[in-house]
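S.K.: Okay, handing you the structure first.
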Amino acid sequence: MNEQALQAAVEEFYRRYPSGFDHPDLVAIGKKHKMDKMIALARESFAEENFSRPDDVAERMIKVVTSSSMVSVFEKPKFRDCVRSMGEPEKVRLVSALREQLHGDERTGFEELVETLAEYKLAKWTLVTVVPAYLRPDYDVFVKPTTVKHVIAHFELPELVYNARPNYDFYNRYRGEINRMKSRVSADLQRENAVFCGFLMMSMDGS
4 MNEQALQAAV EEFYRRYPSG FDHPDLVAIG KKHKMDKMIA LARESFAEEN
54 FSRPDDVAER MIKVVTSSSM VSVFEKPKFR DCVRSMGEPE KVRLVSALRE
104 QLHGDERTGF EELVETLAEY KLAKWTLVTV VPAYLRPDYD VFVKPTTVKH
154 VIAHFELPEL VYNARPNYDF YNRYRGEINR MKSRVSADLQ RENAVFCGFL
204 MMSMDGS
């Protein structure tokens with residue numbers, strides 16, 4: 004990681020927004036993203052005990068995806084229609100993969116979720132990472148391809164090689180880098196990882 008680039012990003016951010024995340028423009032952006040509401044929805048929806056009801060969890064997956072400001076408007080209806088068209092065995096497999104990702108062997112669940120969605124041509128980074136990004140917002144990361152590619156290039160992370168098909172090894176290493184970068188900035192910038200990545204993108208836009 005290029006430490007100088009990170010510190011330059013911090014300086015650029017405060018040059019543009021002297022009051023940090025309390026700046027009116029950023030407060031307005033925050034309201035649009037409704038992070039607190041989405042985090043509460045995810046925690047209510049995906050507690051481990053809820054997974055005994057696969058149909059309910061599948062609908063909650065749809066609700067999180069379609070309500071998220073981070074997911075493309077093109078992906079939302081495709082995901083909704085895909086899940087609702089699934090037969091019972093496929094839906095159970097989808098929900099089981101999510102449960103494993105969130106509450107069991109993360110790698111196994113992640114890879115099974117990718118395989119399941121790939122059968123419907125929906126193995127997208129955004130769809131695979133959006134639920135954990137809300138459920139564990141201070142640890143997990145939302146992988147948006149444009150953001151990830153900019154972060155890798157700008158902050159010089161050559162060991163990370165982005166691929167359009169989601170894979171766990173990349174996710175785990177990228178998450179580690181984001182959390183490491185977050186630990187190197189002041190406490191007021193150590194927000195949820197989705198917000199922190201937004202800070203990185205805003206800072207890079209000024210470079």
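Under my numbering, the residues of the sequence shown are numbered 4 to 210, in order.
Heads up, the beta-carbon is just placed ideally off N, CA and C, and yes, glycines get one too.
1. Quick check on the DSSP output: the alpha helix (DSSP H) that includes F113 runs from which residue to which?
2. With distances taken Cα to Cα, identify the nearest neighbour of L130 among G201, M73, H157, V164.
3. Name the residue from S48, R56, S75 whose alpha carbon lies nearest to the alpha carbon of R63.
4. Run through DSSP, which three-state label would H26 get?
5. What does the Cβ neighbour count give for F158, buried or exposed, with the cut at 16 atoms within 10 Å?
6. Could you name each continuous alpha helix (DSSP H) segment of 4 residues or more that falls completely within the stretch 153-188, going from the start of the chain to the end?
7. CB V13 to CB V68, shorter than 8 Å?
8. Under 8 Å: do the stretch 88-95 and the stretch 36-52 share three or more Cβ pairs, one atom per stretch?
9. Pull up the distance between the alpha-carbon of A11 and that of V188, whole angstroms please.
10. D59: which of R87, V76, E78 sits nearest, CA to CA?
11. Flag this pair as touching only if the stretch 191-198 and the stretch 152-169 have three or more C-beta atom pairs under 8 Å; answer yes or no.
12. State the DSSP-derived secondary structure class of M216, mapped to helix, strand or coil.
13. Counting Cβ pairs, one atom from each stretch, are 3 or more of them under 8 Å apart for the stretch 137-157 and the stretch 76-83?
14. Could you give the residue range of the alpha helix (DSSP H) that holds N131?
15. At the level of alpha carbons, what is the spacing between S186 and L125?
16. Assuming the contact rule is C-beta atoms closer than 8 Å, Y174 and V146 should be a hit. Round their C-beta distance to whole Å, please.
17. Report yes if the C-beta distance between M184 and M41 is below 8 Å; otherwise report no.
18. Leaving out five residues before and five after R102 in sequence, what residues of the same chain have Cβ atoms less than 6 Å from its Cβ?
19. Taking only three categories from DSSP, how would you classify L125?
20. Would a check of beta-carbon distances place S88 closer than 8 Å to chain D?
21. G33 by DSSP, collapsed to three states: which one?
22. For E195, which residues from the same chain have a beta carbon less than 7 Å from its beta carbon, with the 5 sequence-adjacent residues on both sides left out?
M.R.: For this structure:
1. Working through the sequence shown from its first residue, we reach residue 113 at position 110. It spans 109-121 - the alpha helix (DSSP H) in which F113 sits, taken as one unbroken run.
2. If you number the sequence shown from 1, residue 130 lands on position 127. It is M73.
3. Locating residue 63 in the sequence shown gives position 60, where the first residue counts as 1. R63 has its Cα closest to that of S48, out of S48, R56, S75.
4. Locating residue 26 in the sequence shown gives position 23, where the first residue counts as 1. Coil at H26, not helix or strand.
5. The residue given as residue 158 occupies position 155 in the sequence shown. F158 counts as buried, since no fewer than 16 other beta carbons sit within 10 angstroms of its beta carbon.
6. Segments of the alpha helix (DSSP H) lying fully in the stretch 153-188: 171-186.
7. For the purposes of this step, residue 13 is taken as the residue at position 10 of the sequence shown. For the purposes of this step, residue 68 is taken as the residue at position 65 of the sequence shown. V13 places its beta carbon 8 Å or farther from that of V68.
8. Short answer: they don't touch.
9. Counting from one through the sequence shown, the residue named residue 11 turns up at place 8. Counting from one through the sequence shown, the residue named residue 188 turns up at place 185. Straight through space, the alpha carbons of V188 and A11 are spaced by roughly 11 Å.
10. Here residue 59 refers to the residue found at position 56 when the sequence shown is read from its first residue. Check the Cα spacing between D59 and each of R87, V76, E78: the tightest is with R87.
11. The stretch 191-198 vs the stretch 152-169: no contact.
12. Residue 216 cannot be examined here, being either before or after the span of the chain that is shown, 4 to 210.
13. With the cut-off at 8 Å, the stretch 137-157 and the stretch 76-83 do not touch.
14. For the purposes of this step, residue 131 is taken as the residue at position 128 of the sequence shown. At residue 131 the sequence reads Val, which differs from the Asn that was named. 128-138 is the extent of the alpha helix (DSSP H) around V131.
15. One-based indexing of the sequence shown puts residue 186 at position 183. One-based indexing of the sequence shown puts residue 125 at position 122. In this model, S186 and L125 are separated by some 33 Å (Cα to Cα).
16. Locating residue 174 in the sequence shown gives position 171, counting from the first residue. Locating residue 146 in the sequence shown gives position 143, counting from the first residue. Contact holds; Cβ gap of about 7 Å.
17. Residue mapping note: residue 184 aligns to position 181 of the sequence shown, counting from 1. Residue mapping note: residue 41 aligns to position 38 of the sequence shown, counting from 1. No Cβ-Cβ contact shorter than 8 Å links M184 with M41.
18. In the sequence shown, residue 102 corresponds to position 99, counting from 1. Hits under 6 Å: F54.
19. By one-based count along the sequence shown, residue 125 stands at place 122. Correct three-state label for L125: coil.
20. No chain D appears in the structure shown, which is made up of a single protein chain.
21. Along the sequence shown, read from residue 1 onward, the residue named residue 33 stands at position 30. Here G33 sits in helix by DSSP.
22. Here residue 195 refers to the residue found at position 192 of the sequence shown. M38, P140, D141.
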